[in-house]
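For the protein sequence lines, the chains are A and B, in the order given.
Position in the first sequence (from 1) plus 35 gives the number in the working numbering.
Position in the second sequence (from 1) plus 168 gives the number in the working numbering.
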Amino acid sequence: MIGLEDLYREIILDHYRTPRNRGELETPPAQRVEGFNPLCGDEIIVYLQVDDSGVIDDVAIGGQGCSISQSSASMMSVAIKGRTIEDARKLIVAFKGLMSIHETEIGGDGSEAALGIELEGAAEDMKLGDLEALRGVVKFPIRIKCATLSWNTLAQALDEAAAA
Amino acid sequence: MTLPAAIKSDFPLLDQQFHGHQLVYLDSANTSQKPQVVIDAMADYYEHTNANVHRGSYELAVRATAALEGARAKVASFINANSDSEVVFTKNATESMNLLARSWAETNLSAGDAVVISEMEHHANIVPWHMLRAQKGIELRWIPVDQSGHLDLSDLDRLLDGAKLLSVTAMSNVLGTLNPIAQLSERAHAAGALMAVDASQYVPHVPTDVQALGADFLVFTGHKMLAPMGIGVLWAKAELLDAMPPFLGGGEMILNVTKDGFTTNEIPWKFEAGTPMVAEAVGLGRAVDYLSELGMDNVRQHEVELTAYALRTLTERHGDKITIHGPTEPAERGGVMSFIYGDVHPHDVAQVLDQSGIAVRAGHHCAKPLMDVLGANATSRASLYVYNDKSDLDKLADALSAVDDIFSF
């Protein structure tokens with residue numbers, strides 16, 4: 036039988052109680068992107084500051100929501116801080132893989148599909164660390180959207196940072 | 169004991185376990201479970217009566233038509249309509265409200281005309297008016313909700329000044345508040361406006377008399393009153409329906425069609441384009457019979473007693489942690505209890521309760537403007553119906569303690 040201990044791991048509750056990188060960053064230079072889960076009203080705000088060499092030198096998380104969405108956002112902020120945009124993208128793919136979500140984006144010329152496959156391969160080497168604790172969410176399918184809300188918001192913030 | 173003690177056994181779905189616990193279903197404001205007699209009536213229709221209605225000349229088709237129209241008559245009687253022709257079958261209450269907005273309101277309202285609703289409306293009684301505002305430039309005005317969960321009517325005269333329609337829920341799906349519909353109808357009419365009522369949470373739980381409510385339009389849905397999903401009702405005064413243009417065009421809603429145009433059928437069929445949901449109507453008719461056999465006064469009394477027990481038990485057991493929204497007096501409310509437990513997010517509360525086999529809803533309950541008033545992004549909601557009893561509420565109170573075990577910090 037699936038138990039709540041599979042979902043509410045101690046490290047998840049720790050990030051929920053004591054969220055890391057909580058707050059705001061000045062925009063600009065930071066990017067600010069909001070993400071909503073219309074089903075439950077959960078809301079995540081990702082502030083992302085990327086330096087000239089494409090490294091995420093600061094990140095902050097705002098918004099409110101359940102233990103899963105908030106702890107996932109907190110762990111994500113720790114995992115991406117100091118990484119390059121490219122590595123953050125690989126992390127997104129790796130994390131979604133952990134959530135049993137395998138996406139292949141197909142662009143008009145097919146180039147995006149190639150990138151998707153490439154990312155999926157590269158993502159296999161990514162260490163998810165504490166994020167592994169969210170693995171149990173897959174057993175509670177309704178909560179997968181809670182866990183991925185911050186990551187989808189991050190993906191949008193990375194696109195905006197890369198375009199800036 | 170106002171309802172039969174063994175009533176749970178009428179509902180086969182309730183007799184199953186989740187996560188090793190007997191199901192405790194506390195989400196009837198979302199959708200109700202179905203008694204065996206309703207399930208049987210629908211199966212029997214398909215086994216013995218199914219044919220398309222209002223078309224065939226053979227005996228089977230005559231019986232199918234009689235089944236549909238018989239269900240309409242039961243519904244009309246259940247809400248004390250003047251005539252069966254005032255009962256229009258739709259897909260659900262949302263479609264009924266859209267029919268009202270797209271047919272009556274679109275025809276009768278012009279730019280600058282006001283529709284008055286309240287802050288405790290379901291999105292079904294908000295979004296159609298937003299759409300009409302975008303389309304025609306109508307004005308949308310809001311009756312505020314006070315801290316006790318009641319409508320604040322202190323400014324109603326000003327809100328109704330020049331308004332064409334007042335459209336308000338009879339019972340809040342979040343707070344459980346019963347609104348003074350008869351009084352609101354009187355005030356609306358005095359101001360020259362018509363009165364529409366969202367009775368989705370009311371008709372299933374409270375004896376309903378559209379004459380006594382003084383309404384012009386009233387919408388509700390079958391699936392919240394022991395009937396299947398896929399059938400709803402728009403009730404309106406015959407003279408209003410007569411003057412309204414059709415909503416959907418096609419078969420059934422016409423008297424004649426030529427290459428130049430069409431003439432519409434009589435009410436209510438004018439609003440029922442295409443093959444209708446006959447089995448669902450039969451199910452609704454049987455649900456109405458079932459509720460009538462229980463007696464709607466008994467249903468209401470059962471829920472008042474159970475709501476009083478719930479408010480008392482939850483407050484006694486978890487008083488320092490739990491905040492229950494809405495009126496504190498059971499006679500002023502229905503059995504819908506939205507609550508916040510400590511600082512634990514409602515989704516986490518619902519998840520922990522599910523592990524004990526308890527089904528409650530968590531979220532914004534399709535009432536986001538009200539959530540803003542409450543200062544919450546979401547609540548947990550336990551809602552009652554005929555098959556619930558005190559033991560269900562004891563189990564809810566027990567299981568809430570498990571929320572503490574995981575999230576106390």
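Cβ coordinates follow ideal geometry from the N, Cα and C atoms, glycine included.
All values reported here derive from a predicted model rather than from experimental measurement.
Identify, in the order they occur along the chain, each residue of the same chain with its Cβ nearer than 6 Å to the Cβ of G142/A, setting aside the five sequence neighbours on each side.
Working through the first sequence from its first residue, we reach residue 142/A at position 107. Reliability fails at G142/A, whose pLDDT of 45 lies under 50, so the model's placement of it is uncertain and the value that follows must be treated cautiously. Answer for G142/A: no residue qualifies.
Do we get a CB-CB distance below 8 Å when we pair V520/B with the residues of chain A?
As a first step, residue 520/B is located in the second sequence; it is residue number 352 there, counting from the start. True, the Cβ-Cβ gap to chain A drops below 8 Å.
For F187/B and H513/B, I'd like the C-alpha separation in whole angstroms.
Residue 187/B sits at position 19 when you count from the first residue of the second sequence. Residue 513/B sits at position 345 when you count from the first residue of the second sequence. Phe is not the amino acid found at residue 187/B; the sequence shown has His there. Cα-Cα distance, rounded: 22 Å.
Can you name the residues of chain B whose CB is closer than 8 Å to the CB of Q84/A?
If you number the first sequence from 1, residue 84/A lands on position 49. Under the 8 Å cutoff, chain B gives no residues; its nearest Cβ is about 27 Å from Q84/A.
In terms of alpha-carbon separation, which member of H318/B, L334/B and L394/B lies closest to M265/B?
Here residue 265/B is taken as the residue at index 97 of the second sequence, counted from 1. When each option's Cα is compared against that of M265/B, the closest is L334/B.
Hey, does M539/B have any beta-carbon neighbour from chain A nearer than 8 Å?
Position 371 of the second sequence, counting from 1, holds the residue named residue 539/B. Output row for M539/B: interface = yes.
Go through the segment 67-106 of chain A residue by residue and report every complete run of the beta strand (DSSP E) that reaches 3 residues or more, in order.
77-85 and 91-99
Quick one: residues in its chain with C-beta nearer than 7 Å to the C-beta of R355/B, no 5 flanking neighbours on either side, listed in chain order?
Looking up residue 355/B in the second sequence gives position 187. Around R355/B: L324 and L328.
In chain B, which residues lie less than 9 Å from G100/A when you measure between Cβ atoms?
What you label residue 100/A is simply residue 65 of the first sequence in a count that begins at 1. Those within 9 Å of G100/A in chain B are H513, H515, N545 and A546.
If you run the structure through DSSP and keep just helix, strand and coil, what is R309/B?
To locate residue 309/B, count along the second sequence from 1; it is residue 141. If DSSP states are grouped into helix, strand and coil, R309/B belongs with the strands.
Output the boundary residues of the beta strand (DSSP E) element that contains F430/B.
Against the second sequence, residue 430/B aligns to sequence position 262. Its beta strand (DSSP E) spans residues F430 to T432.
Does the structure place the segment 363-373 of chain B close enough to the segment 286-303 of chain B that three or more beta carbon pairs sit under 8 Å?
yes
Measure the Cβ-Cβ separation of L362/B and T258/B and say whether it is below 8 Å.
Taking the first residue of the second sequence as 1, we reach residue 362/B at position 194. Taking the first residue of the second sequence as 1, we reach residue 258/B at position 90. Contact annotation: L362/B and T258/B have beta-carbon atoms that are not nearer than 8 Å.
Which bits of chain C does H532/B rub up against, with CB to CB less than 8 Å?
In the structure shown, chain C does not exist; the protein chains are A and B.
How about L184/A: is its C-beta nearer than 8 Å to some C-beta of chain B?
Your numbering for residue 184/A matches position 149 in the first sequence. Not an interface residue.
For L39/A, would you say it is in contact with chain B, using Cβ-to-Cβ distances shorter than 8 Å as the test?
Counted from its first residue, the first sequence places residue 39/A at position 4. At least one chain B Cβ lies under 8 Å of L39/A.
Any beta carbon from chain B within less than 8 Å of L169/A's own beta carbon?
Residue 169/A sits at position 134 when you count from the first residue of the first sequence. Answer no: the Cβ-Cβ gap between L169/A and chain B never drops below 8 Å.
Excluding sequence positions up to five away, which residues of its chain have a Cβ less than 6 Å from the Cβ of A485/B?
Position 317 of the second sequence holds residue 485/B. According to the sequence as given, residue 485/B is Arg; it is not Ala. A565.
Could you check if A449/B belongs to the surroundings of the ligand SAH, using beta carbon to heavy atom distance under 7 Å?
Looking for the ligand SAH in the displayed structure turns up nothing, as the structure carries no ligands at all.
What first and last residue would you give for the beta strand (DSSP E) that runs through W403/B?
To locate residue 403/B, count along the second sequence from 1; it is residue 235. That run of the beta strand (DSSP E) goes G400 to A404.
Can you check which of these residues, A199/A, S107/A and K174/A, is closest to G97/A by C-alpha distance?
Residue 97/A sits at position 62 when you count from the first residue of the first sequence. Of the candidates A199/A, S107/A and K174/A, the residue whose Cα lies closest to the Cα of G97/A is S107/A.
Cα separation between P64/A and M505/B?
Taking the first residue of the first sequence as 1, we reach residue 64/A at position 29. Taking the first residue of the second sequence as 1, we reach residue 505/B at position 337. Approximately 46 Å between the Cα atoms of the pair.
How long is the line joining the alpha carbons of R240/B and R501/B, rounded to whole angstroms?
Translated into the one-based positions of the second sequence, residue 240/B becomes position 72. Translated into the one-based positions of the second sequence, residue 501/B becomes position 333. C-alpha separation (whole angstroms): 29 Å.
With a threshold of 6 Å on Cβ separation, who are the neighbours of L228/B within its own chain once the five nearest residues in sequence on each side are excluded?
Counted from its first residue, the second sequence places residue 228/B at position 60. Same-chain partners within the cutoff: A219.
Using a Cβ-Cβ distance cut-off of 8 Å, determine whether L189/A contacts chain B.
Taking the first residue of the first sequence as position 1, residue 189/A is located at position 154. It does not: the Cβ of L189/A has no partner Cβ on chain B nearer than 8 Å.
Go ahead and label R124/A buried or exposed: buried means 16 or more other beta carbons lie within 10 angstroms of its beta carbon, across all protein chains shown.
Within the first sequence, residue 124/A is the residue found at index 89, counting from 1. Counting Cβ neighbours within 10 Å, R124/A comes out buried, since at least 16 surround it.
For L42/A, go through chain B and note every residue whose CB falls closer than 8 Å to its CB, in chain order.
Against the first sequence, residue 42/A aligns to sequence position 7. Simply Q519.
Using only the alpha-carbon positions, how far apart do R549/B and H493/B sit?
Locating residue 549/B in the second sequence gives position 381, where the first residue counts as 1. Locating residue 493/B in the second sequence gives position 325, where the first residue counts as 1. Those two C-alpha atoms are separated by around 10 Å.
Determine whether the Cβ of Q523/B lies closer than 8 Å to any Cβ atom of chain A.
As a first step, residue 523/B is located in the second sequence; it is residue number 355 there, counting from the start. Yes, contact with chain A.
If you reduce the DSSP assignment to three classes, tell me which class H50/A lands in.
As a first step, residue 50/A is located in the first sequence; it is residue number 15 there, counting from the start. H50/A falls in the helix class under three-state DSSP.
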